[in-house]
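Heads up, the thing below is written out as structure tokens.
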């Protein structure tokens, strides 16, 4: 009897523990996750996705209260690593994307997805590679977690990347070492 109770305990606890984010939709498949990532990339690259403008795609997949976090970005900008978001909402995120897309060369122009996985029902793991940042001498590899709300929109993103490669390609490493 003890074994039956012990075997059922994890199932009972899981059923009794509500999600900290409320009821979450299931991604369903790796294909669903990959489509969300493709749409996100189209927003970063400021390209249409299935005939929709980047701003329309962003409204579809990015929640109004979206926040993104990255110590890698803060370090390349020589900012304090204090856990503050890079963008406090979707509007600020889109302004940041528009600013980056005007750089020469645009950092996301050659963004390649290397893997997309469903980490949980509402979390996507995405690994990527940027072939041409700055001088393009060193490819920049990174990983990103997307957290989806109960509407299937990304409300939070956490990402990190090889900031030394980024710094070497953009001349920032020379500022630290030169």
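In full-length UniProt numbering, the protein residues as written are 1 to 178.
All residues carry an ideal CB built from backbone N, CA and C; glycine is no exception.
State yes or no: is the C-beta of residue i within less than 8 Å of the C-beta of residue j?
i	j	result
residue 111	residue 128	yes
residue 153	residue 63	yes
residue 68	residue 54	no
residue 160	residue 134	no
residue 138	residue 109	no
residue 50	residue 155	no
residue 47	residue 61	no
residue 72	residue 163	yes
residue 136	residue 89	no
Kindly indicate which three-state DSSP category residue i falls into: helix, strand or coil?
i	result
residue 136	coil
residue 65	strand
residue 112	strand
residue 163	helix
residue 119	strand
residue 90	helix
residue 145	strand
residue 30	helix
residue 39	helix
residue 158	strand
residue 130	strand
Does the Cβ of residue i have 16 or more other Cβ atoms within 10 Å, making it buried, or fewer, making it exposed?
i	result
residue 94	buried
residue 131	exposed
residue 121	exposed
residue 114	exposed
residue 81	exposed
residue 83	exposed
residue 33	buried
residue 57	buried
residue 22	Low per-residue confidence applies at residue 22: pLDDT is 45, beneath 50, and the placement is therefore not dependable enough to give any value.
residue 29	exposed
Report, in whole angstroms, the separation of the C-beta atoms of residue i and residue j, which I expect to be a contact under 8 Å.
i	j	result
residue 99	residue 167	About 19 Å; that fails the 8 Å criterion.
residue 97	residue 44	6 Å
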